[in-house]
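Report on one structure; see the data block that follows.
Numbering (this note's numbering), first residue to last: 11 to 540.
Quick look at the structure:
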């Protein structure tokens with residue numbers, strides 16, 4: 011590794027750690043409100059920065075650019091359609107979550123349905139995070155670091171398998187320390203700093219990449235080169251043979267984004283910590299604005315890489331790392347590597363913090379020890395977090411057997427995304443659907459989707475209708491089932507949501523104009539690249 015690369019990497023990493031420590035060193039972590047929700051003190055820039063960095067991971071940066079290498083601009087749907095669901099989060103979901111003053115999604119389900127619903131949702135979240143989310147972050151992050159920092163040369167370890175395990179452990183331990191000793195506020199602060207670094211680094215790659223393919227004539231010349239050389243890669247509307255056909259953005263792509271940004275504990279725990287509803291709405295909508303920049307650094311580099319490496323045998327998932335290595339100057343490579351480490355740690359520590367929150371509040375406090383003190387709840391969270399981290403570090407190396415980690419993770423996530431989203435939506439939109447309906451939907455939804463994914467005779471159905479359309483069909487059927495049960499066996503009394511009075515619930519006065527502006531920009535982006 012170039013000495014300048016290593017020096018800039020160490021400097022930026024140390025700077026983030028120092029600034030985070032300075033800001034959060036006096037935080038009170040003795041109480042669950044301070045540890046899990048940062049004392050409900052987060053303002054909109056911190057919320058937006060933390061949401062962005064929790065979302066960004068090596069899997070996404072490598073995988074989405076790899077998809078763009080293959081399919082072109084149409085994969086921007088994962089970024090642009092997210093804006094629609096972020097508007098939905100700000101205007102519909104967030105006011106309802108904050109009104110109840112909850113810390114976790116299962117806690118809200120207990121208020122709307124019953125304790126069994128809370129337990130089922132909690133089990134689904136915890137198993138999914140421990141067996142899918144955390145290991146995939148560690149595995150993809152370790153692979154990214156091994157290539158970006160040339161760890162084989164730096165460490166002298168020749169065995170890729172040994173180096174992979176050691177890198178996974180290093181990332182896992184580092185992320186665990188951030189998450190379990192610092193609490194949510196330290197995560198949010200470090201996320202924001204790393205987010206600025208990653209955004210700058212991502213845009214620098216686009217700048218140097220476009221400049222490279224234009225032979226130094228500038229980024230506009232590079233853009234013209236892409237449009238004239240590969241017009242098929244510059245279309246926003248995906249065809250049926252591509253990974254994101256245009257029709258799917260109205261079904262499965264929209265639903266997966268809605269779960270992720272509106273009901274996923276790992277993501278929305280940051281919004282639960284908002285100082286006021288207005289700050290939360292501003293943070294979520296600012297995230298939407300930043301997501302509109304996503305195609306620039308998560309899609310365009312993949313198309314640039316296609317132009318540079320087509321016919322050279324470079325694999326799609328390796329294209330992004332190759333591009334970074336080839337176009338960034340050595341000092342900037344170290345800076346970007348540090349920001350990438352921040353993204354990896356952010357995704358991991360955010361998921362780990364959420365998993366520990368779910369266990370300590372929804373299992374330990376709610377079921378195992380109802381009379382536990384605040385200090386005991388925080389201590390249980392830290393112990394459970396370390397156990398989850400160890401489990402994730404054990405499972406992560408096994409993911410090397412998957413042909414495509416990105417495809418695998420998207421598929422298995424649908425197992426729990428769809429049932430949970432359907433239950434939460436019905437819970438918010440109806441008043442008499444009983445707990446029985448929600449509990450059946452959670453169990454049957456997971457079982458049915460798993461059967462159609464992994465039982466060979468049924469798997470052909472998914473292939474025939476497209477996975478994204480399939481999960482939309484399952485979602486509709488689950489909702490209809492719950493509504494039918496609600497009609498036949500309604501609750502004795504209609505559910506009325508109580509205001510917990512946890513924070514100021516005055517909405518942001520410009521929330522609707524900002525939301526409409528974001529939706530107009532989404533349509534404009536699609537129309538600009540027909």
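For each residue, glycine too, the CB sits at the ideal point set by N, CA and C. Keep in mind that this is a model prediction, so the values were computed, not measured.
- Contact between the segment 278–298 and the segment 515–526 is present: 3 or more CB-CB pairs across the two stretches fall below 8 Å.
- If you compare the alpha carbons of 313, 492 and 177 with that of residue 234, the shortest gap goes to 313.
- Per DSSP, the beta-bridge partners of residue 514 are 286.
- Note on residue 227: under 16 other CB atoms within 10 angstroms of its CB, so exposed under the neighbour-count rule.
- Distance check between residue 277 and each of 318, 212, 344 and 92 places 92 closest, using alpha-carbon atoms only.
- It is roughly 8 Å from the alpha-carbon of residue 344 to the alpha-carbon of residue 159.
- With 16 or more other CB atoms across the displayed protein chains lying within 10 angstroms of its CB, residue 161 is buried.
- In this structure, the beta-carbon distance from residue 465 to residue 448 does not fall below 7 Å.
- By the 16-neighbour rule on beta-carbons within 10 angstroms, residue 499 is exposed.
- By the CB criterion at 7 Å, residue 445 and residue 127 fall inside the cutoff.
- Between residue 443 and residue 496, the CB-CB gap stays under 7 Å.
- In this structure, residue 222 lies near residue 337, with their beta-carbon atoms less than 7 Å apart.
- The three-state reading of DSSP puts residue 159 in coil, since its state is none of H, G, I, E or B.
- Nearest to residue 258 by alpha-carbon distance, out of 294, 86 and 358, is 86.
- Excluding five sequence positions before and after residue 177, the CB atoms of its chain that fall closer than 7 Å to its own CB belong to 152, 155, 156 and 161, given in chain order.
- Rounded to whole angstroms, the separation of the alpha carbons of residue 436 and residue 56 is 31 Å.
- The residues 114, 115, 135, 364 and 368, in chain order, have a CB closer than 7 Å to that of residue 275 in the same chain once the five nearest residues on each side in sequence are set aside.
- Apart from the 5 residues on each side of it in sequence, residue 305 sits with its Cβ closer than 6 Å to the Cβ of 86 and 89 in its chain, given in chain order.
- Linking residue 229 to residue 163 through their CA atoms gives a straight-line distance of about 34 Å.
- In the DSSP assignment, residue 54 falls within the alpha helix (DSSP H) that extends over 54–65.
- Secondary structure note for residue 117: its alpha helix (DSSP H) is the uninterrupted segment 115–122.
- A distance below 7 Å between beta-carbons, with the five flanking residues on each side excluded, links residue 271 to the following residues of its chain, in chain order: 92, 95, 96, 99 and 277.
- Inter-residue distance for residue 310 and residue 487 is about 37 Å (C-alpha atoms, whole angstroms).
- Distance from the CA of residue 149 to the CA of residue 348, rounded to the nearest whole angstrom, comes to 17 Å.
- Comparing C-alpha distances from residue 172 to each of 407, 539 and 475 shows the shortest one belongs to 407.
- In the three-state scheme derived from DSSP, where H, G and I count as helix and E and B as strand, residue 251 is classed as coil.
- About 12 Å separates the Cβ atoms of residue 535 and residue 245, ruling out a contact at the 8 Å cut-off.
- Taking C-beta atoms as the reference points, residue 302 and residue 531 count as a pair closer than 7 Å.
- A distance below 7 Å separates the beta carbons of residue 79 and residue 329.
- The three-state reading of DSSP puts residue 184 in helix, counting H, G and I together.
- Residue burial is scored here from C-beta neighbours: residue 502 has fewer than 16 other C-beta atoms within 10 angstroms and is therefore classed as exposed.
- If you look at residue 268, you'll find it in the alpha helix (DSSP H) that goes 262–272.
- Annotation: the continuous alpha helix (DSSP H) that includes residue 471 extends over 466–475.
- Residue 371 sits away from residue 395, with the two beta carbons spaced by 7 Å or more.
- The continuous alpha helix (DSSP H) containing residue 138 extends over residues 125–138.
- Rounded to whole angstroms, residue 256 and residue 480 show a C-alpha spacing of 15 Å.
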